[in-house]
Each structure stands twice: as structure tokens, then as C-alpha cells.
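Colleague: Submitted below is the structure of interest, expressed as C-alpha cells.
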Amino acid sequence: MLSEKDFIPQGYTGTAQNGSFKWSAPSNIALIKYWGKKENQIPANPSVSFTLSNCKTITELKFEEKQGNGFSFDLFFEGKPKESFRPKIEKFFQRTAAYLPFLEKYHFTIDTQNTFPHSSGIASSASGMAALAVNLMSLERLLNPEMTEEYFYKKASFLARLGSGSACRSVKGSAVVWGEHKEIEGSSDLFGISFPVTLHADFTNFQDTILLIDKGEKQVSSTVGHDLMHGHPFAQQRFAQAHDNLSKMRTALASGDMDAFISITESEALTLHAMMMTSHPYFILMKPNTLEVINRIWAYRESTKIPVCFTLDAGANVHVLYPENVKDKVLEFIKNELVALCQNSQYICDAIGDGAVQY
């Protein structure tokens with residue numbers, strides 16, 4: 531079992547004066563939700579997610595040796611300086627400096643862009659931090675040419691987690707487990723691992739259509755929401771439930787039990803929001819149209835028997851999940867009944883993907 535100490539380099543044999551790397555990393559959608567965390571971005575319960583394909587961040591990292599100590603970087607978003615991102619990158623460098631001792635030796639130029647609309651209500655911290663992490667690992671691989679592929683990806687996930695918890699699930703695909711679980715061999719609180727069970731064919735090209743219900747900034751950030759699980763009256767029951775649901779989800783994904791998958795996925799989404807509504811202070815991130823979409827999905831599934839379900843992240847948007855073989859019918863339903871409930875009729879079609887990709 532790897533520990534934090536295993537990610538601290540014992541010296542480098544390679545050198546690199548300057549250069550650049552370019553990677554993309556996707557967003558992900560959790561099926562079993564993580565809500566609540568301990569110190570150093572350690573999850574209070576394990577989670578499993580589908581890695582997406584189209585919703586991703588593309589980041590180019592240029593590096594050049596410099597004199598003096600301290601972090602030095604320029605930051606661009608879609609080609610323009612983005613000073614509002616600077617505090618988050620600064621904090622990320624502080625958290626990872628012990629594991630990337632070369633950070634103070636270079637000046638970095640970070641140029642990043644998203645394939646999905648900015649301020650669309652889709653969290654870009656997971657894809658953004660994962661993309662930055664794999665770029666930095668590419669530089670460390672120059673400095674440590676003996677690095678194995680396995681170590682590269684585990685450490686990239688480990689680093690991404692220190693930037694944004696769920697980012698550790700955006701490095702690999704197509705289903706990723708993060709958090710220690712007794713039935714998942716190799717699972718760890720420190721990084722995400724590819725789901726160690728072969729997905730049933732029905733889940734291998736699962737679709738995710740994201741309905742943009744409300745693109746405004748959330749009134750309560752995820753960081754604040756996680757913190758409210760400390761002392762939450764239902765916290766321990768919730769953490770136990772997540773472990774139990776992950777066991778059930780493991781069986782469903784391997785066997786192709788679509789009914790179990792739908793039941794667990796929707797229950798997890800509603801439980802996540804129930805935790806928000808019963809914390810102190812309490813808050814509601816769902817909007818009226820979120821609930822209307824959920825009810826229409828239930829009615830459609832009941833009347834057609836088509837295996838379509840929903841999940842939610844920590845916001846108002848709805849992820850509509852379904853197998854590829856019913857894609858045409860579900861998209862017709864979405865266009866006819868659900869698009870009118872989206873802000874500016876906006877939605878994004880996505881599917882399971884493979885994780886980070888180098889250009």
C-alpha cells in the first residue's frame with residue numbers, strides 16, 4: 531500500500547532546462563458520491579465515477595529554469611491572463627511542493643481552456659487540476675526517466691487530489707474508484723484507481739447528457755458543503771451507506787444489473803442533496819426545474835421501460851444517464867420534454883471516456 535512518503539522523490543537523475551507539455555483531462559460524474567472530507571483532501575467515504583469524454587480541460591505547460599526561490603507562473607485562460615485563478619494555483623503549488631521539489635526551480639506558463647462553456651454550471655476544477663497534474667508529472671518524468679507508467683498515473687491522481695478532491699478521478703477512465711473500500715483491491719484514499727472489475731457491455735459506452743438547469747454560481751461552494759459534514763447528525767450513517775452502496779454498485783456494473791444501477795445512482799444523488807438540506811446551516815442547490823426534470827424522467831421510464839436515470843452533482847444541473855443502444859429514443863425525449871426546462875435551452879451530450887490524453 532502506497533503512502534504519502536512514496537510520492538516524495540529521493541533525488542533526480544535527469545535534467546531539463548526548458549520545454550513544454552500539453553494534456554487534456556476530462557470532467558467526471560460520481561455515481562457513488564463523496565461528501566465530507568478530512569485533512570489534506572482525504573475523503574470521508576469512498577466514491578466511484580464515470581470519466582467523461584467531451585467535457586474536458588486542455589492545458590499546455592511551458593517551463594523554463596529560473597534563479598531564486600518561490601513559485602513563479604503566468605496563467606492564461608483561453609489565451610487571456612486570468613488572475614482570478616492565481617490563488618488556487620498558488621495553493622496547489624504549496625500543497626504539492628513536498629512531492630514536486632522542482633516547482634521553485636522553474637518559471638511556468640500555464641495556458642488552459644475548456645471544451646465546455648465557461649460558467650456553464652459544470653465544475654471545471656476536476657478536469658483543470660487533473661490536466662495540470664499530468665503536465666507536471668511529465669516534467670518530473672524528464673527528471674526521473676526510470677519512472678514507471680503505473681507510478682506516473684498514481685502520482686498524477688495523488689497530486690490532482692490536492693488541488694481538487696474529485697480531480698483524482700479524472701486522470702484515468704472509464705470508471706474510477708477513489709477511497710479505501712474493503713472489497714476493492716488497490717483502492718486508496720490518496721488517489722483514484724481504474725475500477726478493477728470489467729464493466730458489463732451495457733455500461734462500456736454509457737451516455738451522459740448534461741442538462742444545464744442553472745448556470746449561476748452556487749450560493750454555497752462545495753468546499754463549504756464538505757465542511758458542513760463535520761458534526762452533521764447523519765454523517766456516520768451516510769458514510770456507512772456509501773460503503774454499502776459501492777459494494778452493490780460493484781456488482782451491478784460487473785453483472786449488467788441495470789435496475790440496481792438505476793436505483794443506487796438515483797438514491798445516491800438524492801442522498802447527496804439530503805445531506806445539504808439537513809446540515810447546519812442548511813441549504814438547497816436544486817432548482818424547481820431540477821425537480822421537474824427528475825419527475826419527467828421517472829414518468830418516461832415508467833411508461834416506456836427504457837433504462838434512463840439521473841444523477842446530480844453539487845448543483846442544480848441534471849446528468850441524464852442511459853445506455854448507447856437507447857440513445858436515439860432518449861435524445862428525442864430530452865429534446866421534446868426536457869430542453870425547455872434548461873437555462874437558454876442548453877444541454878451537453880457526453881459519454882464515458884478514457885481519461886487524460888497527451889498531445
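Using our numbering, read the sequence shown as starting at 531 and increasing by one per residue.
Just so you know, even glycine gets a beta-carbon here, dropped at the ideal spot from N, CA and C.
1. Using 10 angstroms around the beta-carbon of H756, count the other beta-carbons present and answer buried if the total reaches 16, otherwise exposed.
2. Comparing alpha-carbon positions, which option in E569, V869, D536 and P539 lies nearest T753?
3. Using C-beta distances below 6 Å, list every residue in its chain close to L900, excluding the 5 sequence neighbours before and after it, in chain order.
4. Report the three-state DSSP secondary structure of E676 (helix, strand or coil).
5. Decide yes or no for the touch test of the region 861 to 871 against the region 720 to 736: beta carbon pairs closer than 8 Å, at least 3 of them.
6. Scan the region 661 to 717 and note each continuous beta strand (DSSP E) run of 3 residues or more that stays entirely inside, going in chain order.
7. Should Y812 be labelled buried (16 or more other beta-carbon atoms within 10 Å of its own) or exposed?
8. Where do the N-terminal and C-terminal ends of the beta strand (DSSP E) with A772 fall, by residue?
9. Just reading off the alpha helix (DSSP H) that L842 is part of, what are its end residues?
10. Please work out which residues of its chain come closer than 6 Å, Cβ to Cβ, to D604, disregarding the five sequence neighbours upstream and downstream, and give them in chain order.
11. Starting from H756, follow the alpha helix (DSSP H) in both directions and report where the run begins and ends.
12. Based on DSSP bridge pairs, tell me the residues matched to W553.
13. For F840 versus E796, is the C-beta spacing smaller than 8 Å?
14. Taking its Cβ as the centre, do 16 or more other Cβ atoms sit within 10 Å of H810, making it buried, or is it exposed?
15. Taking all protein chains shown into account, do 16 or more other C-beta atoms lie within 10 angstroms of the C-beta of G709, making it buried, or fewer, making it exposed?
16. Kindly indicate which three-state DSSP category Q624 falls into: helix, strand or coil?
17. According to the Cβ coordinates, are F607 and F615 closer than 8 Å?
18. Might you give, ordered along the chain, the residues of its own chain that have their beta carbon closer than 6 Å to the beta carbon of Q888, omitting 5 neighbours on each side?
19. State the start and end residues of the unbroken beta strand (DSSP E) segment that holds I878.
20. Which residues share a DSSP beta bridge with L605?
21. Within 10 angstroms of its Cβ, does P726 collect 16 or more other Cβ (buried), or is it exposed?
Modeller: Put simply:
1. buried
2. E569
3. Because residue 900 is not part of the residues shown, which for the chain are 531 to 889, the question remains open.
4. coil
5. no
6. 705 to 708
7. When all chains shown are included, Y812 counts as exposed.
8. Element bounds for A772: not the beta strand (DSSP E) but the alpha helix (DSSP H), A765 to S785.
9. No alpha helix (DSSP H) holds L842; the beta strand (DSSP E) holding it covers C839 to L842.
10. T639
11. S752 to D757
12. T589 and Q888
13. yes
14. Counting Cβ neighbours within 10 Å, H810 comes out exposed, since fewer than 16 surround it.
15. buried
16. helix
17. yes
18. W553
19. Judged by DSSP secondary structure, I878 falls within the beta strand (DSSP E) whose first and last residues are Y877 to A881.
20. Note: L605 sits in a beta bridge opposite I640.
21. exposed
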